[in-house]
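Colleague: Below is the structure I would like to discuss, written out as structure tokens.
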Amino acid sequence: MPRFAANLTMMYTEYAFLDRFAAAAKDGFKAVEYLFPYDFHADEIRARLDANGLTQVLFNAPPGNWAGGERGMASIPGREDEFRRGIDTALAYTRVIGNRKLHVMAGLVGADQPRAKHREVYLSNLAYAARAAQADGVTILIEPINTRDMPGFFLTHQHEAQAICAEVGAPNLKVQFDCYHCQIVEGDLAVKLKRDMAGIGHIQIAGVPERHEPDTGELNYPYLFELIDSLGYGGHIGCEYRPRAGTSAGLGWLKPYLGANS
């Protein structure tokens, strides 16, 4: 039975960030994820995790100027030193917070930019990140993201992500399979999960197309959850969706799975 992690960037936004941990635990979650921890000291976050019996699943490495519209630096030429400093910062946080997965965003690339050069930089940066993370037992994740929500994002398709991981060849570099993004870009999720499960390090969900709870929209999540279980996936499934109304009020879909949610 699948285990779920509340995404505290999108869920429980009716609370201040540090108060979302308690709200998630009260609703039965045993694990959490979010985009970035860097506005807070790692010790502050660890204290909230411990106080509420929560496991941290993952967060993202620094993405550059997020408020200014940047969405990662891993494929951006000329930002290599900044990227490496960001990986060092992120790993320092993982050592305190305890997660063993770190998502690295590829970045935005204009249509007139040389994709081959960006790919070269991407592979080099990912190799660095994987080497740096290996000593801490951390897996680096890369995620294909749909360009409807994030125009210009460098990595968009599952087969591209799997090919990049294979080319880098690091055992701790895997793909973050977001069902929402995959459905929008290419669909055929069941076939891709069967094909790629060995290279998938984390899974996320949301309803399509509105990105609300997974009990609405065009995806049959109960079927996908059974399939994911049958394929031997042992990680958490991140609930990276925007609740239609209050977060707790929309969790009816979760109740059948709460017994395994640890």
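Numbering (full-length UniProt numbering), first residue to last: 1 to 262.
Note that the Cβ used here is the ideal one computed from N, Cα and C, for glycine as well.
Tell me whether the beta-carbon of C179 lies closer than 8 Å to the beta-carbon of L141.
Modeller: No, these two residues do not count as a Cβ contact at 8 Å.
Colleague: If you count every other CB in all the chains shown that lies within 10 Å of the CB of M1, and 16 or more means buried, which is it?
Modeller: exposed
Colleague: Would you check if the distance between the CB atom of H181 and the CB atom of I205 is smaller than 8 Å?
Modeller: no
Colleague: Helix or strand or just coil, what does DSSP make of Q204?
Modeller: strand
Colleague: If L193 and I228 are in contact, beta carbons under 8 Å, what's the gap, nearest whole angstrom?
Modeller: Contact flag correct, Cβ pair sits at about 7 Å.
Colleague: Does the Cβ of S230 have 16 or more other Cβ atoms within 10 Å, making it buried, or fewer, making it exposed?
Modeller: exposed
Colleague: Looking only at C-alpha atoms, which of A90, A74, D39, G98 sits nearest to D50?
Modeller: G98
Colleague: When burial is assigned at 16 or more other CB atoms within 10 Å of the CB, is P171 buried or exposed?
Modeller: With fewer than 16 other Cβ atoms within 10 Å, it is exposed.
Colleague: What separation, rounded to the nearest whole angstrom, lies between the Cα atoms of G69 and Q56?
Modeller: 26 Å
Colleague: Which stretch, first to last residue, makes up the alpha helix (DSSP H) that contains E167?
Modeller: E167 -> alpha helix (DSSP H) spans 158 to 168.
Colleague: Going by the DSSP bridge assignment, what does N60 pair with across the sheet?
Modeller: Paired residues: H103.
Colleague: Looking at R79 and the ligand SAM, is the gap between the Cβ and the nearest heavy atom below 7 Å?
Modeller: Inclusion of the ligand SAM in the displayed structure is not the case, the ligand content being empty and no account of it being possible.
Colleague: Around the C-beta of V191, are 16 or more other C-beta atoms found within 10 angstroms, so that it is buried, or is it exposed?
Modeller: V191 is exposed by the Cβ-count criterion.
Colleague: Residues in the same chain with beta-carbon distance under 7 Å from T153, minus the five sequence neighbours each way, listed in chain order, please.
Modeller: Checking the sequence shown, residue 153 turns out to be Phe, not Thr. R71, A106, L108, I145, T147, listed in sequence order.
Colleague: I want to know whether the region 239 to 249 touches the region 198 to 215 - three or more CB-CB distances under 8 Å.
Modeller: Touching, per the Cβ criterion.
Colleague: Relative to the C-alpha of G201, which candidate in V104, N220, V208 has its C-alpha closest?
Modeller: V104
Colleague: As a quick exercise: from Y122, L54, R48, Y38, pick the residue whose alpha carbon is nearest that of G78.
Modeller: Y122
Colleague: Figure out for me which residue from L91, N125, D112 has the closest Cα to the Cα of D136.
Modeller: Here the closest residue by C-alpha is L91.
Colleague: Within the continuous beta strand (DSSP E) that includes Q134, where are the two ends?
Modeller: Where Q134 is concerned, there is no enclosing beta strand (DSSP E), although the alpha helix (DSSP H) it sits in stretches over 115 to 134.
Colleague: Given a cut-off of 8 Å on the beta-carbon distance, is the pair E33 and N7 in contact?
Modeller: Contact: yes.
Colleague: Using C-beta distances below 7 Å, list every residue in its chain close to G169, excluding the 5 sequence neighbours before and after it, in chain order.
Modeller: none
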